[in-house]
Amino acid sequence: LDALFGFDLGLEAMESGRSTWKMLESGGSMAKLMPVASSKVLTPAGGEIKKRIEQLEHTQISLEREKGRLEREVADARASRDEARDMMHDLESALSEARDERSGLHRELDDLSAKVRAADAETDEATSLSNRLSKRVSELEHMIEKRAEELASALGEFDSREALLTDLRDLSTQEATTKSELSAAEVRLDEVRKSLDHDERLQRVLTEQVNAQRDRHRTGQGELDEVERRIESQRAELVELEAEAHAHRRLMEEERGRILDSERKSTIMQSELREMMEERRLLLRELGDLDARKAQSETELRMLLEQAEDIQEAHEMALLDLQEADRIRARLAEEPLAQALLGDERGLSSLEPVLDRMANARSRGYSIVLLDRAVERALAIIQHSVDEVAKTPRHLLSLEVMDLLERQAPETASTVRGLTRWSVQSRLEHQLAETVQHVVIDLEGLLEEYERSVTMLAQMQEVLHGLVDLGLPAEDIKPLERFSHMPEALPYISVEARRLIQRSLDEIYLDADRRTAGDAVGLAETVEVLESLLRRLDVAGLTGEEPTGSLWTFQRSGSLPFEVDGLARHERPEINTEAVRHMNPVEEVTEVTVTPSNVIIAPSAPAAAPTPEASAAPVSNSTWQPIEAAAETDGVDISTRISAGLTPADVAGNSDEAELMANIDVALSEVDSAAGIRESTENGVPPPADPSQRDALDELERELSDLDM
């Protein structure tokens with residue numbers, strides 16, 4: 242509430258307090274607009290909303306980061322799933338190949354089994370055949386035995402013997418054949434058994450490989466199922482995150498709606514602020530009117546002070562003693578001269594354009610020695626005029642003469658005082674004002690010529706660069722470039738540049754005379770450029786023996802233009818030869834000897850404390866002469882006493898008149914402080930007396946200046 246309505250409450254309190262405002266005729270403190278602390282002025286109501294928006298933005302950023310991380314994890318899972326699928330496809334292809342191999346092996350196994358069965362059948366047949374053969378052999382042996390018995394029984398018969406031998410040979414032949422067939426069948430049986438053993442071993446190896454492929458297939462299928470489960474869980478998390486993102490988007494839309502509402506409220510508050518600023522302007526205008534009325538009251542106070550001075554002139558015999566009178570007279574004696582020299586702010590405002598132009602010239606990087614010396618010369622002329630005005634009454638009158646007139650003819654003494662005061666004030670108001678006006682006009686003229694010389698100096702730099710481009714020796718141009726930032730060296734640079742151009746033209750003409758007509762045509766363009774540069778230098782008027790212009794006259798003589806015709810010889814101060822040498826850095830300066838006047842300048846005012854600027858300035862630049870201290874032998878001269886409104890030293894006074902003089906002194910100090918406040922018053926608003934309040938007011942002004950209306 243304080244942040245929103247503090248300003249309104251302050252305005253209401255100020256409006257209610259305006260009824261109690263009144264002007265203090267006793268010169269009290271001025272009316273002030275108390276500043277408001279910066280923490281109570283237009284504190285933004287949407288600060289929490291902005292903070293909440295920033296928190297939501299940070300939350301959104303973190304969610305986006307988490308979403309990106311999860312998307313990366315999902316991408317990794319998808320990549321791993323793709324890899325698993327590829328592996329699964331590889332495993333399936335390997336499994337299909339293994340199945341094909343297994344089917345081939347099964348076919349081979351079936352073939353081998355058929356072969357084994359065929360071999361078994363053949364073995365059985367061979368076994369049965371061998372059994373039959375063995376039976377046949379046993380039968381044959383039995384038959385042989387029988388035949389042998391029969392042979393033995395029939396041994397005596399020859400025919401039967403030959404038949405038996407024949408039969409025996411046939412039987413032995415058949416027996417050998419049967420034995421050979423039996424051995425061959427046994428060999429084949431061994432081979433079939435060996436092939437069966439090999440096929441069985443191969444079947445066992447293939448069976449183990451098929452089992453290993455089945456195990457790998459089961460493992461890959463399990464991993465694939467696990468990857469699919471992880472992908473499904475990641476998809477579920479992604480769906481949840483998308484739901485949260487949608488919820489946050491809805492929250493952001495709601496926050497944007499609230500922000501738009503707050504912006505509309507801010508627009509309304511800005512319109513109210515404009516109205517408050519208009520009211521503030523009205524208040525400041527009223528304060529300005531109050532300040533104007535205060536200035537009017539201060540004018541009336543000055544009139545009262547003038548009346549008090551008249552009363553002081555009427556009560557000249559009111560001083561306590563000689564020492565106190567000398568101190569008061571020495572302090573008040575500076576009033577006419579100080580008012581004539583300082584005056585009000587109109588003199589400073591009239592000099593502001595000249596001072597701004599001089600500051601601009603200083604910031605451009607060129608030497609401003611001529612302008613500094615011109616200002617020093619102007620101050621020397623003003624100081625000389627003030628010294629002339631201050632010392633004239635001292636030569637006309639003396640303390641003894643005024644004492645004698647006071648004793649013998651008081652009316653004549655008062656007439657002399659009035660005449661002296663009128664003379665001093667008249668010369669200060671007319672002669673010094675005219676001198677200052679002439680000085681300001683001369684400074685403006687010198688400043689204009691200085692700016693033209695800076696422009697010409699920039700053109701001379703271009704001319705020098707052009708000469709270097711045209712082929713002139715660089716060692717002749719570099720000495721001139723050292724003075725290219727000094728406008729006071731412009732005549733010297735112009736003369737030297739013209740000399741170089743003329744010498745180059747002479748050399749080109751001589752070279753063209755020695756060449757043929759065809760070769761000389763090529764130098765025509767260079768000659769034309771150099772002649773155009775020569776014409777530009779001649780038109781500028783700086784290549785003669787003495788350059789034309791008030792600035793160059795001041796550089797040679799050290800005197801301002803109006804001194805020649807506007808001031809008499811005794812009204813001109815001495816010319817500072819060191820300043821003239823300083824203004825002529827590239828040539829010897831003819832010293833002008835001026836006989837110094839051995840005149841003792843009377844102290845028209847007590848010596849003021851030196852300012853930091855004056856103490857920092859060099860001794861050669863100072864044109865103010867020290868004022869000698871007041872001595873008891875001479876005191877303050879009568880003309881100065883009269884011009885300051887004081888009485889002679891030998892006149893006594895009473896305590897009432899001394900108290901009146903003290904009150905007048907206090908009123909004068911209040912007037913001086915009011916003048917200082919008027920100098921710091923801006924737009925009719927005086928500054929606060931408290932430094933902390935002044936800083937708070939400055940801070941408030943800075944904050945209000947940043948507002949976009």
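For the sequence shown, counting from 1, position 121 maps to 362 in my numbering; every step adds exactly one.
C-beta: ideal position from N, C-alpha, C; glycine also.
From a predicted model like this one, the values you see are computed outputs, not experimental measurements.
Burial state of residue 627, where buried means 16 or more other Cβ atoms lie within 10 Å: It counts as buried.
Once DSSP output is grouped into helix, strand and coil, what is the label at residue 807? For residue 807, the secondary structure class from DSSP, reduced to helix, strand or coil, is helix.
CB of residue 721 within 7 Å of CB of residue 703, strictly: Contact: no.
Leaving out five residues before and five after residue 854 in sequence, what residues of the same chain have Cβ atoms less than 6 Å from its Cβ? Reliability fails at residue 854, whose pLDDT of 34 lies under 50, so the model's placement of it is uncertain and the value that follows must be treated cautiously. Answer for residue 854: no residue qualifies.
The alpha helix (DSSP H) enclosing residue 697, as first and last residue numbers: First-last of the alpha helix (DSSP H) with residue 697: 674-711.
Helix, strand or coil for residue 549, going by three-state DSSP, please let me know. The answer is helix: DSSP assigns residue 549 an H, G or I state.
From which residue to which residue does the alpha helix (DSSP H) around residue 822 run? Segment 818-824, the alpha helix (DSSP H) holding residue 822.
Helix, strand or coil: how does DSSP classify residue 251 here? DSSP places residue 251 in helix when its eight states are reduced to three.
Does the beta-carbon of residue 255 have 16 or more other beta-carbons within 10 angstroms, so that it is buried, or is it exposed? Exposed, since its Cβ has fewer than 16 Cβ neighbours within 10 Å.
In this structure, does DSSP put residue 726 in helix, strand or coil? DSSP places residue 726 in coil when its eight states are reduced to three.
Am I right that residue 381 and residue 412 are in contact with their C-beta atoms under 8 Å? What's the rounded C-beta distance? Rounded, the Cβ-Cβ distance is 6 Å, consistent with contact.
Same chain only: Cβ atoms within 8 Å of residue 339, ignoring 5 sequence neighbours per side: Close CB contacts of residue 339 within its chain, under the 8 Å cut and outside five residues either way in sequence, are with 450, 451, 454 (chain order).
Three-state secondary structure (DSSP) at residue 362? Three-state result, residue 362: helix.
Does the count of Cβ pairs from the segment 808-817 and the segment 596-605 closer than 8 Å reach three? No, the segment 808-817 does not touch the segment 596-605.
Label residue 506 either buried or exposed according to how many other C-beta atoms from any shown protein chain fall within 10 Å of its C-beta, with 16 as the threshold for buried. Residue 506 is exposed by the Cβ-count criterion.
For residue 663 and residue 903, I'd like the C-alpha separation in whole angstroms. Taking the straight line from one Cα to the other gives about 26 Å.
Give the straight-line distance between the Cα atoms of residue 297 and residue 496, rounded to the nearest whole angstrom. Residue 297 and residue 496: Cα-Cα distance of roughly 9 Å.
What first and last residue would you give for the alpha helix (DSSP H) that runs through residue 792? Counting along the chain, the alpha helix (DSSP H) containing residue 792 begins and ends at 791-798.
For the segment 348-363 against the segment 437-450, are there 3 or more C-beta pairs whose distance is under 8 Å? With the cut-off at 8 Å, the segment 348-363 and the segment 437-450 touch.
What do you reckon, are the CB atoms on residue 718 and residue 731 nearer than 7 Å? Not closer than 7 Å, so no.
Which of helix, strand or coil does DSSP assign to residue 608? Three-state DSSP puts residue 608 in coil, outside helix and strand.
By how many angstroms is the C-alpha of residue 291 removed from the C-alpha of residue 226? Residue 226 lies beyond the range of the chain shown here (242 to 950); nothing can be said about it.
Expressed to the nearest angstrom, what Euclidean distance is found between the alpha-carbon atoms of residue 513 and residue 289? Cα to Cα, the separation comes out at about 21 Å.
In this structure, how does DSSP classify residue 459 when only helix, strand and coil are distinguished? Secondary structure at residue 459: helix, using DSSP grouped into helix, strand and coil.
Nearest by alpha-carbon distance to residue 308: which of 776, 391, 484 is it? Among 776, 391, 484, the Cα nearest to that of residue 308 is on 484.
Ordered along the chain, which non-local residues of its own chain (more than five positions away) have a Cβ less than 6 Å from that of residue 319? Excluding positions up to five away in sequence, the list is empty.
Please state if the CB of residue 749 and the CB of residue 768 are separated by a distance shorter than 7 Å. Taking 7 Å as the Cβ cut-off, residue 768 and residue 749 qualify as a contacting pair.
Compute the distance between the beta-carbons of residue 695 and residue 728, then report whether it is under 7 Å. Taking 7 Å as the cut-off, the beta carbon of residue 695 is found closer than this to the beta carbon of residue 728.
From residue 690 to residue 790, what does the alpha carbon distance come to, in whole angstroms? If I take the Cα positions, the gap works out to 8 Å.
Is the beta carbon of residue 475 less than 7 Å from the beta carbon of residue 357? No.
Measure the Cβ-Cβ separation of residue 734 and residue 697 and say whether it is below 7 Å. Taking 7 Å as the Cβ cut-off, residue 734 and residue 697 do not qualify as a contacting pair.
Would you kindly work out how many angstroms separate the C-alpha atoms of residue 521 and residue 504, rounded to a whole number? Computed Cα separation, rounded: 24 Å.
Using 7 Å as the threshold, is the C-beta distance between residue 803 and residue 710 below it? With respect to the 7 Å criterion, residue 803 and residue 710 are not classified as neighbours on the basis of their beta carbons.
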